Structures are given as C-alpha cells and as structure tokens.
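Asks: In this note's numbering, the protein residues as written are 10 to 419. Beta carbons: idealized from backbone N, C-alpha and C, even for Gly. Note that this is a predicted model, so its numbers are computed, not measured. This is the structure I want to talk about, given as structure tokens.
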Amino acid sequence: MADTGTNAETVTLTIDGQEVTVEKGTTILQAAEAMGNRVPHYCYHPGLTAPAQCRLCLVEVEGAPKLQASCVTQASDGQVVHTQSEQALRQRKGVLEFYLANHPLDCPICDQSGECDLQDYVHAEGRKRGRSREPKRVFGRDDFGGDVLFYGDRCVMCTRCVRFMNEIERNPLLTVVERGNRSVIDTFFDEGLESADFAGNVVDICPVGALVSKDFLHKARAWDLDHTPSICPNCSQGCNIDLHTRDNRVQRLKPRTNLDVNQHWMCDYGRHRYDWMNRGDRLEAPLTRAADETMTRASGWNEALEPLAKRLDELRGTEVRAIASPFASNEELAALKGLIEALGGGEIRFRSSRSDKEIPLPGFPKLVRRRDLAPNVKGAELMRLARVGDDAAEGGLEDLDDFEGILLVV
10 MADTGTNAET VTLTIDGQEV TVEKGTTILQ AAEAMGNRVP HYCYHPGLTA PAQCRLCLVE
70 VEGAPKLQAS CVTQASDGQV VHTQSEQALR QRKGVLEFYL ANHPLDCPIC DQSGECDLQD
130 YVHAEGRKRG RSREPKRVFG RDDFGGDVLF YGDRCVMCTR CVRFMNEIER NPLLTVVERG
190 NRSVIDTFFD EGLESADFAG NVVDICPVGA LVSKDFLHKA RAWDLDHTPS ICPNCSQGCN
250 IDLHTRDNRV QRLKPRTNLD VNQHWMCDYG RHRYDWMNRG DRLEAPLTRA ADETMTRASG
310 WNEALEPLAK RLDELRGTEV RAIASPFASN EELAALKGLI EALGGGEIRF RSSRSDKEIP
370 LPGFPKLVRR RDLAPNVKGA ELMRLARVGD DAAEGGLEDL DDFEGILLVV
C-alpha cells in the first residue's frame with residue numbers, strides 16, 4: 010500500500026470498529042493490514058495480481074448484498090467493514106474445511122511447519138475436528154527442476170507460483186493442468202525451472218509446504234532459526250535479505266522486502282551462495298606471534314595493534330602497497346586508504362569476479378543480478394583503488410612476489 014502523503018487523495022473507513030485513513034485505491038485487505046488486522050488469504054500477494062480465487066479473505070461490508078473479497082474490493086469513504094462478524098467467520102471456517110478435505114496431515118515432516126499459513130488459519134478459525142470421510146487425493150512428489158520440489162498433495166491452488174513465473178519472471182514455465190478437484194500445478198512440456206534465474210522465489214511465496222527447496226529440505230525447523238536482517242553479498246545489487254541461522258550457522262537466505270531495491274524477490278545465484286559464510290577457518294580474533302614463537306596465537310586487539318603500530322612507524326618512508334577486498338565496506342576501505350596515505354602513500358589493488366552478463370528480473374527491472382560478484386566494487390572504484398585481474402579474479406598480483414616494501418592485505 011502506498012504511503013498516504015499530504016497530496017494523496019485519501020478515504021476513511023471503519024474496520025471492526027476502528028477508523029483508518031488510507032490512500033484512495035487501497036483495498037480493504039491492505040487497509041486492514043495497515044492497522045495491524047491480518048485478514049486470512051492465500052491467493053493475494055503484494056507483488057502479484059489478485060485473482061480473488063481462494064475465497065478466504067471474504068469480509069462483511071455493510072450495505073453489500075453478500076460477502077466481499079477484501080483483496081480486490083477497494084476501500085471507500087464511510088465504508089463499514091466487519092472481518093470478524095459471525096457470517097465472515099462462518100464462511101472462512103467452511104472454506105478452510107474444504108482446503109483440509111484433501112490436505113495431508115504431514116505437518117511433523119513438512120518443511121513449512123511453523124511458518125505455514127494453513128496451520129495458523131486453522132488454529133485460529135478452523136474446525137476442531139474434520140468431518141470428511143472420503144479418501145484424500147494423492148499426487149505425490151514432483152521434481153520441478155532447479156532447487157524446487159513440488160508436493161501436490163499440499164497445494165491449495167493459490168496459483169502464486171504460476172503468476173510469479175508469468176508476471177515477474179516472465180518465463181511461463183508453470184501452469185495449472187486438469188480441472189476441478191483434480192487441478193494441479195505442473196511444468197510445461199516437462200521443461201523444468203533450471204532455466205529460470207529467479208525460480209527460488211516460488212518457494213518463498215508458497216503459503217503452504219507445496220513448493221520446497223531441495224537445499225533446505227529437512228535441514229531445520231522454522232522455530233529453531235534465528236532471523237537476522239542483512240544485505241546479500243553475492244553481487245553489487247544490494248538485495249535486502251534475512252539470514253536464517255541455527256547454532257551460528259547459516260541455513261538459508263530469504264529476501265526481505267525493500268520496494269526500491271529488490272521488492273520481495275532475490276535471484277537464485279545469491280540465494281544459494283552462503284556456504285562460505287559457514288567456513289570453519291574464519292578469523293575470530295587477532296593472531297600474533299612473538300619473535301621466539303613458531304605458531305600464531307589468539308590475542309586481544311591492543312596486544313596485536315600496539316607492536317604493529319610501532320613497527321609501521323619504524324618503517325615510515327618505506328614503499329607501501331595494499332591488497333583490499335570488494336567485500337569490505339566503504340568505511341573499512343576509507344580507513345585502509347587513510348592508513349596508506351599516513352604511511353606515505355602507495356597503490357591499493359583489489360580483485361573481483363565478474364559474470365558474463367547482467368540478468369534483470371523482467372517484472373521488476375530494478376532488480377538485476379549484477380556482473381560484479383561482490384557487494385562493494387563500486388565503492389572501491391570511487392575511492393580510486395586499482396582493479397586488477399581477470400573476470401575470474403585471477404592474476405594482477407604476480408609482481409608482488411618480489412616486492413620488498415610493506416604489503417598490507419585486508
């Protein structure tokens with residue numbers, strides 16, 4: 010929902026007894042979310058069109074002849090909406106019962122358990138006991154290619170995945186086949202998702218456990234994961250992400266909404282390159298070695314920096330060079346540059362891998378998998394650091410083997 014600026018035309022409506030003012034064109038569902046009232050829904054997603062087919066977001070609007078789909082009904086001035094009326098609750102309970110008629114009871118082994126909309130909705134508003142005695146339909150598991158597995162038994166036919174591939178990826182590899190209660194998501198002509206560059210997003214937007222990641226399959230439970238907001242370091246786009254960790258090890262990366270940078274999405278390249286974050290040989294403390302010692306040992310910062318500063322002061326006037334990393338922040342690169350200048354100045358080099366081409370997301374062209382496969386190549390270039398090496402980040406440092414001055418590596 011757009012921000013209600015001073016020049017925006019607004020409407021004021023009442024939802025469950027509370028007045029809310031929103032920008033004209035906002036739907037009832039969006040208005041309810043703006044005031045912290047989440048209306049249950051499946052097919053609606055803020056980054057996709059709304060087909061109003063799940064029938065779960067129905068609410069009572071005074072003066073309307075029947076319940077209205079809140080995901081497509083625009084808020085209007087003076088409108089009075091009831092999301093928790095007896096009629097609305099009865100309708101949602103009935104819709105949920107139909108969803109459960111064929112849904113398997115495999116929550117204990119489902120990767121979506123703990124962050125599943127169906128679990129939440131049934132717990133809050135569903136029936137305590139099911140009434141269906143008919144055999145459930147069985148579709149089994151299907152490999153959609155790439156990192157995506159499909160469990161058709163769990164699918165609630167919200168079609169978010171199909172709409173994402175059609176509207177955002179614009180590579181229509183998924184479709185709905187069959188009709189009625191035999192409807193199921195499938196790939197076109199057995200062509201899988203391995204040719205798509207942003208297919209992992211269909212797993213993110215699936216409200217149940219129908220689409221799951223092979224990489225994350227049975228790896229961790231949702232309630233065991235810590236979520237840390239971060240920025241994807243795998244190219245220079247700067248996608249906002251959440252790091253999901255357990256026991257201080259990264260288990261997966263998920264996109265974090267930023268409408269100006271990556272909207273609700275991220276590329277598969279960035280999503281799956283996190284193994285290096287779990288390396289066991291990363292330095293966690295300064296390492297020092299005394300003159301009479303052969304092995305390095307962990308030490309405090311003062312113990313490490315004081316002799317280093319003294320030694321650098323003794324070598325003032327000696328030729329200085331440095332090797333920097335495009336994974337360093339602007340502040341870190343500026344500090345390195347300041348240190349080199351204080352020592353008399355010298356060349357600072359860096360290397361960075363490059364892909365063959367940039368890959369934009371057609372439905373949101375601001376999101377591009379950049380050629381530079383490091384987060385801060387631009388910052389290094391703006392500080393006039395010298396880029397060396399080829400597109401595989403190899404070469405450009407051979408002459409330093411014989412360099413006899415001060416060489417700093419950051």
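Based on DSSP bridge pairs, tell me the residues matched to Gln83.
Replies: DSSP, once it has assigned bridges, lists Thr36 as partnering Gln83.
Asks: For Pro238, which residues does DSSP report across the bridge?
Replies: Answer by DSSP bridge pairing, in chain order: Asp251.
Asks: Report the three-state DSSP secondary structure of Met10 (helix, strand or coil).
Replies: Residue placement at Met10 cannot be trusted, given a pLDDT of 47 that sits under 50; what the coordinates show is reported in the next sentence. Residue state, collapsed to three classes: coil.
Asks: Which stretch, first to last residue, makes up the beta strand (DSSP E) that contains Arg330?
Replies: Note, Arg330: beta strand (DSSP E), Val329 to Ala333.
Asks: Do Ala205 and Tyr160 have their C-beta atoms within less than 8 angstroms of each other?
Replies: Contact: no.
Asks: Using the rule of at least 16 other Cβ atoms within 10 Å of the residue's Cβ for burial, across every protein chain shown, is Trp310 buried or exposed?
Replies: Classification of Trp310: exposed, given that the 10 Å Cβ count is below 16.
Asks: To the nearest angstrom, how far is the alpha carbon of Gly279 from that of Tyr51?
Replies: Each residue's Cα considered, the two are about 27 angstroms apart.
Asks: According to DSSP, Glu69 sits in a beta bridge with which residue or residues?
Replies: Answer is His91.
Asks: Give me the Cα-Cα distance between Gly372 and Gly154, rounded to the nearest whole angstrom.
Replies: Straight-line Cα distance between these residues: approximately 22 angstroms.
Asks: Entirely within the segment 145-196 and at least 3 residues each: give me those beta strand (DSSP E) ranges in chain order.
Replies: Within the segment 145-196, the complete beta strand (DSSP E) runs of at least 3 residues are 150-154, 157-160, 183-186 and 193-196.
Asks: Taking 8 angstroms as the cut-off, does the segment 241-251 touch the segment 119-136 (at least 3 CB pairs, one atom from each stretch)?
Replies: Verdict: no, contact absent.
Asks: Please check the pair Arg358 and Gly405, which I expect to be a contact at CB under 8 angstroms, by giving their CB distance rounded to whole angstroms.
Replies: Indeed, because the Cβ distance is near 7 angstroms, the residues count as touching under 8 angstroms.
Asks: Please classify Gly236: is it buried, with 16 or more other beta-carbons within 10 angstroms of its beta-carbon, or exposed?
Replies: Note on identity: in this sequence residue 236 is His, with Gly being the wrong assignment. Classification for His236: exposed.
Asks: Helix, strand or coil: how does DSSP classify Val386 here?
Replies: Val386 falls in the helix class under three-state DSSP.
Asks: Hey, Cys276 and Ile177: beta-carbon distance below 8 angstroms or not?
Replies: Cβ distance not < 8 angstroms, so Cys276 and Ile177 don't count as in contact.
Asks: Cα-Cα, which of Glu71, Arg320 and Glu106 is closest to Arg64?
Replies: Minimum Cα distance to Arg64 is reached at Glu106.
Asks: Nearest-angstrom Cα distance between Gln100 and Ser79?
Replies: Rounded to the nearest angstrom, the two C-alpha atoms are 13 angstroms apart.
Asks: Please tell me whether Arg320 and Gly355 are closer than 8 angstroms, where the distance is taken between their beta carbons.
Replies: Result no, Cβ atoms of Arg320 and Gly355 do not sit closer than 8 angstroms.
Asks: Measure the beta-carbon distance from Ala125 to Val217 and round it to whole angstroms, keeping in mind my assumption that it falls under 8 angstroms.
Replies: One detail in the question is off: residue 125 reads as Cys in this sequence, not Ala. The pair is a contact, with the Cβ atoms about 6 angstroms apart (cut-off 8 angstroms).
Asks: For the putative contact between Val31 and Ala84, defined by C-beta atoms under 8 angstroms, what is the C-beta separation to the nearest angstrom?
Replies: Confirmed, Cβ separation roughly 6 angstroms.
Asks: Between Asp284, Tyr283 and Ser308, which lies nearest to Ala294 when the distance is taken from Cα to Cα?
Replies: Of Asp284, Tyr283 and Ser308, the residue nearest in Cα terms is Ser308.
Asks: My understanding is that Ile194 touches Thr92, with C-beta atoms under 8 angstroms, so please give their C-beta distance in whole angstroms.
Replies: That belief does not hold up - the Cβ atoms of Ile194 and Thr92 are roughly 29 angstroms apart, past 8 angstroms.
Asks: Is it buried or exposed, Asn385, if we count other Cβ atoms within 10 angstroms and call 16 or more buried?
Replies: Buried is the call here.
Asks: Ala43 and Val29 - do their beta-carbons sit closer together than 8 angstroms?
Replies: In this structure, Ala43 lies closer than 8 angstroms to Val29 by Cβ.
Asks: Which term fits Asp156, buried or exposed, when burial requires 16 or more other beta carbons within 10 angstroms of its beta carbon?
Replies: Buried, because 16 or more other Cβ atoms sit within 10 Å of the Cβ of Asp156.
Asks: Figure out for me which residue from Arg142, Met286 and Asp129 has the closest Cα to the Cα of Ala3.
Replies: Residue 3 falls outside the range modelled here, since the chain spans only 10 to 419, and no answer is possible.
Asks: Could you say which of Tyr108, Gly326, Val270 and Gly347 lies nearest to Leu370 if we only look at CA atoms?
Replies: Leu370 has its Cα closest to that of Val270, out of Tyr108, Gly326, Val270 and Gly347.
Asks: Let me check understanding here. Comparing Cα to Cα, which of Arg306, Asn339 and Glu350 lies closest to Asp322?
Replies: Considering only alpha carbons, the answer is Glu350.
Asks: Using the Cα positions of Asn287 and Asp224, report the straight-line distance between them to the nearest angstrom.
Replies: Between Asn287 and Asp224, the C-alpha separation is close to 15 angstroms.
Asks: Based on Cα-Cα distance, which residue from Val186, Leu98 and Asp162 lies nearest to Asp115?
Replies: Of Val186, Leu98 and Asp162, the residue nearest in Cα terms is Asp162.
Asks: Under 8 angstroms between the Cβ atoms of Leu127 and Leu226?
Replies: Result no, Cβ atoms of Leu127 and Leu226 do not sit closer than 8 angstroms.
Asks: Contact between the segment 178-197 and the segment 258-267 is defined here as three or more beta-carbon pairs at a separation below 8 angstroms; is this criterion met?
Replies: Cβ pair count under 8 angstroms is below three, so no.
Asks: So is Gly149 in contact with chain D if we call contact Cβ pairs under 8 angstroms?
Replies: The structure shown contains no chain D; it holds only a single protein chain.
Asks: With Leu324 and Ile415 assumed to form a contact (beta carbons below 8 angstroms), what rounded beta-carbon distance in angstroms separates them?
Replies: Contact holds; Cβ gap of about 6 angstroms.
Asks: Applying the criterion that 16 or more other CB atoms from any shown protein chain within 10 Å of the CB defines a buried residue, is Ser222 buried or exposed?
Replies: Buried.
Asks: Is Glu143 helix, strand or coil when you go by DSSP?
Replies: Coil.
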